[in-house]
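Chemist: As they're listed, the protein sequences go chains A and B. Just so it is clear: in the first sequence, position 207 is 208 by the working numbering, and no numbers are missing. Just so it is clear: in the second sequence, position 325 is 326 by the working numbering, and no numbers are missing. All C-beta atoms in this analysis are idealised placements derived from N, C-alpha and C, irrespective of residue type, glycine included. No experiment lies behind these values; they were computed from the predicted model shown.
There are 2 protein chains.
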Amino acid sequence: MVTIKDIARKAGVAPSTVSRVIQDHKGISTATKEKIRLIMDEMDYRPNVSARNLVLNSSHTIAMILKSEAHDAYENPFNNAVYNGVVEACREDGYSIISTTKNTEREILEEVKSLIRLRQVDGFIVMFSKTGNKVTEYLTSVGLPFVVVGKDVNQNNDAIYIDNDNITAAYQLTQLLIDKGMRDIRVINDDEGFTVAKDRMKGFKDALRDNELDSDECIIQVGSELEEIRDTLNEAFNSKQPEGIITFDGFLHAKVLAALYELQIRVPDDMLTATFNDSPLTQFASPPQTTVDIHSADIGREAGRALIGLIQEPNKLKCNITLPTQVIERQSTRKE
Amino acid sequence: MVTIKDIARKAGVAPSTVSRVIQDHKGISTATKEKIRLIMDEMDYRPNVSARNLVLNSSHTIAMILKSEAHDAYENPFNNAVYNGVVEACREDGYSIISTTKNTEREILEEVKSLIRLRQVDGFIVMFSKTGNKVTEYLTSVGLPFVVVGKDVNQNNDAIYIDNDNITAAYQLTQLLIDKGMRDIRVINDDEGFTVAKDRMKGFKDALRDNELDSDECIIQVGSELEEIRDTLNEAFNSKQPEGIITFDGFLHAKVLAALYELQIRVPDDMLTATFNDSPLTQFASPPQTTVDIHSADIGREAGRALIGLIQEPNKLKCNITLPTQVIERQSTRKE
DNA sequence: TTGAAAGCGATACCAC
DNA sequence: GTGGTATCGCTTTCAA
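Written as C-alpha cells, this is what we have:
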C-alpha cells in the first residue's frame, strides 16, 4: 500500500509537504503542488482514512435517526429513498452512515448519547420534527452539528431544517380532488404528532375552506395494522361514504388501498384516492395512484450535504432548505 | 475522551495488558481481567475505532455489491430488506457498510478494485450469482473474503453462498396454482441471466411436467418499463389468455399488476397471480398477492454474519447456507 | 515555502 | 503473566 511517505520520498520532499498539498494548503508553491499531485496520480495514492480520522479525532461518520417501529421504518419507501439520497451525498465526501430506529424519544436519546461516545459520530440527521423535540434540544446543548428532515418549528438557529412546503402541497392535492367535483373528501392519517401531518392538515383544511366546504369530521385516524384499518374505515364510511380520500403517507396508503379492496370499494369508480410520498408502492398500485412527489431522495441528498457542510464548517450560516413538490395525477383520480 | 492509557494508569498496569484484556487474551490472570474490566466499565471506556483500524490495517467496513440500474436497485424491496439484514449483522460487530450498484460486470469490477484500495474494505457481499462471474473470480484471485447471495453455481470453495431452495419454492408455488385447477400458467421474468431465475424456472417446469402439463411457450420475457410490460403482455395474451401467472420477482410483479389493471384483467376473477419475494408491495397490493416469502432480511443477516466470520477467521470451513421459504396464500389466488 | 518531529490510540513483539 | 515500546499513516506545530 502506498503511503504519504512513499510520495514524499519519490518527490524528494517531507511528508508534511505532501499533507499540505492534499489539503490544498495556501503557502505551498504551485510548482511543488503540481509536481506532487502528478506523483500521487502516478502511484495511485489514497490517503488512509483511519490514520486521518485518528489524528483529526473524527469518525467521518454520520448518524441517521428514525422514530418508529424498526420494521415499519425499513419498509417505508420514504425512509429508504431519503436514506439513498444521504448515501449519495456521503459518498461524494467519503462519509459513512449509521442508521438507527427507535420507538420512543427516550430510547432515541439514549441511542444518540451512546452513539456520540461509542462510535464517534460527527453529526446527525434527525428524521422527524416535533414541537418539544428532546433529541434536537440535546444535540443543541452538546453542540454537535445536526440537520432535521422536517419543519423548523420554533426557528431553531442551531440547525438546518430540510422540508417541503407541505401546506401548499396538501392544498394543491385537495384542490385537484375538488376540481373533479368531489365535495366530501376525507383525510386518513396514523400519527398526528409530527409537524408534517399538521402542515398537510392545514393545507387540506385551507383548500376546503376556500371552496366553501365543511372541514369538520373529515379526519379518520387509523392504526398500522391492515385489519384495524379496514374496520376503522368500514365504520367511518358507515353513515356516509366519502367521494374522495387523501392519505398522508404513501406507505399507509398502500394499506388503505388493500382495505378498500376488501371493503369492495372500487378506485376510482366508487371513490377517488390520492396520497403523498410517491414511490413504487403508489406508482405501481392498481390503479396507479395520484400522489404528491416530495422528492424524497433529494431531501436525503440535501440533508447529507448540509450536514457535511456543517461538520466541515460549524460556524457557517444555517439556512433552511425547502424542496419543491409536484402533484402527479394518475388513474386513481381519473373517473371516466 | 478516556483512552487505553487512562485505564492502564488507573489500574496500575501497562497499556498492553489492558489491550489483552479487551481481546480476552489467554495468558492474563482472571484477577487482573476482572479488575480491569471493572475499571473500563466505571470510566465508560470505548476503544477508538480509528486507532484500532490503523494498526490492524483493516477498515471494519464491508461492501455490498448490486448489479442493476441504480434507481431500480434502491427501489426494489428485496435489496432493501437484504440490506437491512446486513446492517443488523454488522451492528452486532461494529462493522460499517458501503453499498454500490453498477449496471455492467465491467463497471462492477472497476468499482471493486477501486474500493479495495480506496477505502480498504475488509470483505464483500456480492448480490448476484451467475455462471462465469468475473467479480467472484477476481475476489478469489486477490484472496479477499466474500459471500454471495445466490446459488453456488460451480461449487466454489473459496466463498460462502447464501440462498433459498428456489427450485422447491417455485415448484410449490406452481403446484398451488395447479391445485386451483389452473392448466395454462405462464411465467413472467425480466432477466434470464441470474441463477435464481434459472432455478425458479426449473421448479416451475418440474411442477408442470409432474402434472402432465405442457411447459412450452409459457415464458413471457418483459422489460422494466410499465408501458413495455403492458404491451408485451397484451400481445402474449392475444392468442390465449392464461389462467394464472407467476412473476419471478415481487418488484416486477407490482408493475405486472399495474399492467393487468390497464388491460382490464381482474385478479383473481380473470386470472390468478403469484410471485416471489414478499414485501409491502405484494402484501398491500390490491388484492394482496400470494407470494413466496424468501426471508430476505434473514438472507442479509446470514450473509453479514458469514462475511464477518470469514474476515475474522479466513481459514474456517466455508459451508453454504440455505434458507427456508414459505408460500403465503392471499386473495390473488382465491377465486370465490 | 518547506522540513523535522511529536503525537493521535491501539496492538503486538520482545523482554523479563 | 505482565511491561516497555516500536509501529500503523497522517496532521500539525515549531523552526528554519
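Between which two residues does the alpha helix (DSSP H) holding VAL113 (chain B) run?
Modeler: Counted from its first residue, the second sequence places residue 113 (chain B) at position 112. That run of the alpha helix (DSSP H) goes 106–119.
Chemist: Answer with buried or exposed for GLY144 (chain B), where buried requires no fewer than 16 other C-beta atoms within 10 angstroms of its C-beta.
Modeler: Mapped onto the second sequence, residue 144 (chain B) falls at position 143. Flag for GLY144 (chain B) reads exposed.
Chemist: Taking the alpha helix (DSSP H) that VAL19 (chain A) belongs to, which residues open and close that run?
Modeler: Position 18 of the first sequence, counted from the start, is the residue given in the question as residue 19 (chain A). Counting along the chain, the alpha helix (DSSP H) containing VAL19 (chain A) begins and ends at 16–23.
Chemist: Would ASP250 (chain A) pass as an interface residue toward chain B - the criterion being a Cβ-Cβ separation below 8 Å?
Modeler: Taking the first residue of the first sequence as 1, we reach residue 250 (chain A) at position 249. It does not; no Cβ of chain B falls within 8 Å.
Chemist: Distance check for VAL136 (chain A) and GLU112 (chain A), CA to CA, integer angstroms please.
Modeler: Against the first sequence, residue 112 (chain A) aligns to sequence position 111. Against the first sequence, residue 136 (chain A) aligns to sequence position 135. Answer to the nearest angstrom: the Cα atoms are 10 Å apart.
Chemist: In chain order, what are the residue ranges of uninterrupted alpha helix (DSSP H) at least 4 long that sit wholly in the segment 32–100 of chain B?
Modeler: Whole alpha helix (DSSP H) segments, 4+ residues: 50–57, 71–76 and 78–94.
Chemist: Report all residues from its chain with a CB closer than 8 Å to the CB of ASP215 (chain B); omit the five preceding and five following residues, and keep chain order.
Modeler: In the second sequence, residue 215 (chain B) corresponds to position 214, counting from 1. LEU209, listed in sequence order.
Chemist: DSSP on LEU261 (chain A), reduced to helix/strand/coil?
Modeler: In the first sequence, counting from the first residue as 1, residue 261 (chain A) sits at position 260. In the structure shown, LEU261 (chain A) sits in a helix (DSSP, three-state: H, G or I).
Chemist: Could you pull out every unbroken beta strand (DSSP E) segment of at least 3 residues lying fully inside the segment 214–262 of chain A, listed in chain order?
Modeler: Listed in chain order, the complete beta strand (DSSP E) runs (minimum 3 residues) inside the segment 214–262 of chain A are 220–222 and 245–248.
Chemist: Give every residue of the same chain whose Cβ lies closer than 6 Å to the Cβ of LEU253 (chain A), excluding the five residues on either side of it in the sequence, and list them in chain order.
Modeler: Translated into the one-based positions of the first sequence, residue 253 (chain A) becomes position 252. Closer than 6 Å at the Cβ level, and outside the excluded window around LEU253 (chain A), lie ASP191.
Chemist: Scan the segment 274–291 of chain B for residues whose Cβ lies nearer than 9 Å to a Cβ of chain A and list them as they occur along the chain.
Modeler: Those would be SER280, PRO281, LEU282, GLN284, PHE285, ALA286, SER287, PRO288 and PRO289, in chain order.
Chemist: Could you have a look at GLY124 (chain B) and say whether DSSP puts it in helix, strand or coil?
Modeler: Your numbering for residue 124 (chain B) matches position 123 in the second sequence. Three-state result, GLY124 (chain B): strand.
Chemist: Tell me, please, which residues DSSP counts as bridged to ALA275 (chain B).
Modeler: In the second sequence, the residue the question calls residue 275 (chain B) occupies position 274. According to DSSP, ALA275 (chain B) bridges with B:ILE247 and B:THR291.
Chemist: Rounded to whole angstroms, what's the CA-CA distance from ILE99 (chain B) to SER97 (chain A)? Just pull it up for me.
Modeler: The residue given as residue 99 (chain B) occupies position 98 in the second sequence. The residue given as residue 97 (chain A) occupies position 96 in the first sequence. Straight-line Cα distance between these residues: approximately 8 Å.
Chemist: Which class does ASN190 (chain B) belong to by DSSP, given the choice of helix, strand or coil?
Modeler: One-based indexing of the second sequence puts residue 190 (chain B) at position 189. Here ASN190 (chain B) sits in strand by DSSP.
Chemist: By how many angstroms is the C-alpha of ASP123 (chain B) removed from the C-alpha of MET41 (chain B)?
Modeler: Locating residue 41 (chain B) in the second sequence gives position 40, where the first residue counts as 1. Locating residue 123 (chain B) in the second sequence gives position 122, where the first residue counts as 1. Going by the C-alpha atoms only, they are around 28 Å apart.
Chemist: With the cut-off set at 8 Å, would you say LEU174 (chain A) and VAL19 (chain A) are in Cβ contact?
Modeler: Numbered from its first residue, the first sequence carries residue 174 (chain A) at position 173. Numbered from its first residue, the first sequence carries residue 19 (chain A) at position 18. No.
Chemist: If you follow the alpha helix (DSSP H) that ASP180 (chain B) is part of, which residue opens it and which one closes it?
Modeler: Locating residue 180 (chain B) in the second sequence gives position 179, where the first residue counts as 1. 167–180 is the span of the alpha helix (DSSP H), which, as asked, contains ASP180 (chain B).
Chemist: CA-CA distance, LEU110 (chain A) and TYR139 (chain A)?
Modeler: Position 109 of the first sequence, counting from 1, holds the residue named residue 110 (chain A). Position 138 of the first sequence, counting from 1, holds the residue named residue 139 (chain A). Roughly 8 Å between the two C-alpha positions.
Chemist: Could you work out which residue in A:ASP73, A:THR141 and A:VAL149 is closest to SER130 (chain A) when comparing CA atoms only?
Modeler: The residue labelled residue 130 (chain A) in the question sits at position 129 within the first sequence. Ranking the options by Cα distance to SER130 (chain A), first place goes to A:VAL149.
Chemist: Within 8 Å (strictly less), CB to CB, does LYS27 (chain B) reach chain A?
Modeler: By one-based count along the second sequence, residue 27 (chain B) stands at place 26. No, because no Cβ of chain A sits closer than 8 Å to the Cβ of LYS27 (chain B).
Chemist: Classify LEU282 (chain B): buried if its beta carbon has 16 or more other beta carbons within 10 angstroms, exposed otherwise.
Modeler: As a first step, residue 282 (chain B) is located in the second sequence; it is residue number 281 there, counting from the start. LEU282 (chain B) comes out buried.
Chemist: If contact means a Cβ-Cβ distance below 9 Å, which residues of the segment 28–53 of chain A contact chain B?
Modeler: Listed by position along the chain: ASP45, ARG47, ASN49, VAL50, SER51, ALA52 and ARG53.
Chemist: Got a sec? Which residues, its chain only, sit under 7 Å from ALA74 (chain A) by beta carbon, not counting five neighbours each side?
Modeler: In the first sequence, counting from the first residue as 1, residue 74 (chain A) sits at position 73. For ALA74 (chain A), where only same-chain residues beyond five positions count, the Cβ hits under 7 Å are LEU67, ASN80 and THR102.
Chemist: Please confirm if TYR262 (chain B) has its CB atom under 8 Å from at least one CB of chain A.
Modeler: Residue mapping note: residue 262 (chain B) aligns to position 261 of the second sequence, counting from 1. True, the Cβ-Cβ gap to chain A drops below 8 Å.
Chemist: ARG335 (chain A) touches chain B at which residues, Cβ-Cβ below 7 Å?
Modeler: The residue labelled residue 335 (chain A) in the question sits at position 334 within the first sequence. Going along chain B, no residue has its Cβ under 7 Å from ARG335 (chain A), so there is no contact; the nearest lies around 12 Å.
Chemist: The alpha helix (DSSP H) spanning PHE205 (chain A) covers which residue range?
Modeler: Here residue 205 (chain A) is taken as the residue at index 204 of the first sequence, counted from 1. Segment 196–211, the alpha helix (DSSP H) holding PHE205 (chain A).
Chemist: Leaving out five residues on either side along the sequence, give the residues of the same chain with a beta carbon under 6 Å from the beta carbon of ALA90 (chain A).
Modeler: As a working mapping, residue 90 (chain A) is identified with position 89 in the first sequence. Closer than 6 Å at the Cβ level, and outside the excluded window around ALA90 (chain A), lie ARG302, GLY305 and ARG306.
Chemist: Can you tell me which of B:ARG331, B:THR33, B:ILE23 and B:SER60 puts its alpha carbon nearest to the alpha carbon of PRO48 (chain B)?
Modeler: Against the second sequence, residue 48 (chain B) aligns to sequence position 47. The shortest Cα separation from PRO48 (chain B) among B:ARG331, B:THR33, B:ILE23 and B:SER60 belongs to B:ILE23.
Chemist: Compare the C-alpha of PHE249 (chain B) against each of B:LEU264, B:LEU324, B:GLY224 and B:PHE277 and name the closest.
Modeler: Counted from its first residue, the second sequence places residue 249 (chain B) at position 248. The residue with the shortest Cα to Cα distance from PHE249 (chain B) is B:PHE277.
Chemist: Excluding the 5 residues flanking GLU228 (chain B) on each side, which residues of the same chain have their C-beta closer than 8 Å to its C-beta?
Modeler: For the purposes of this step, residue 228 (chain B) is identified with residue 227 of the second sequence, where counting begins at 1. If we look at GLU228 (chain B) and ignore the five residues flanking it on each side, it has no Cβ neighbours.
Chemist: Distance, Cα to Cα, TYR162 (chain A) vs ASN321 (chain A)?
Modeler: Along the first sequence, one-based indexing puts residue 162 (chain A) at 161. Along the first sequence, one-based indexing puts residue 321 (chain A) at 320. When rounded, the distance between both Cα atoms is 5 Å.
Chemist: Consider the Cβ of HIS97 (chain A): report whether some Cβ of chain B lies at a distance smaller than 8 Å.
Modeler: Stepping through the first sequence from its first residue, residue 97 (chain A) is reached at position 96. Note on residue identity: the sequence assigns Ser, not His, to residue 97 (chain A). Yes, SER97 (chain A) lies at the interface with chain B (some Cβ there is under 8 Å from its Cβ).
Chemist: Can you tell me which of the three DSSP states ASP159 (chain A) falls into?
Modeler: In the first sequence, counting from the first residue as 1, residue 159 (chain A) sits at position 158. Note: ASP159 (chain A) maps to coil in three-state DSSP.
Chemist: When the Cα atoms are used, what is the spatial distance from ILE186 (chain A) to VAL268 (chain A)?
Modeler: Reading the first sequence from its first residue, position 185 is the one you call residue 186 (chain A). Reading the first sequence from its first residue, position 267 is the one you call residue 268 (chain A). Whole-angstrom Cα-Cα distance: 14 Å.
Chemist: Could you give the DSSP three-state label for LEU318 (chain A): helix, strand or coil?
Modeler: Mapped onto the first sequence, residue 318 (chain A) falls at position 317. The answer is coil: DSSP assigns LEU318 (chain A) none of H, G, I, E or B.
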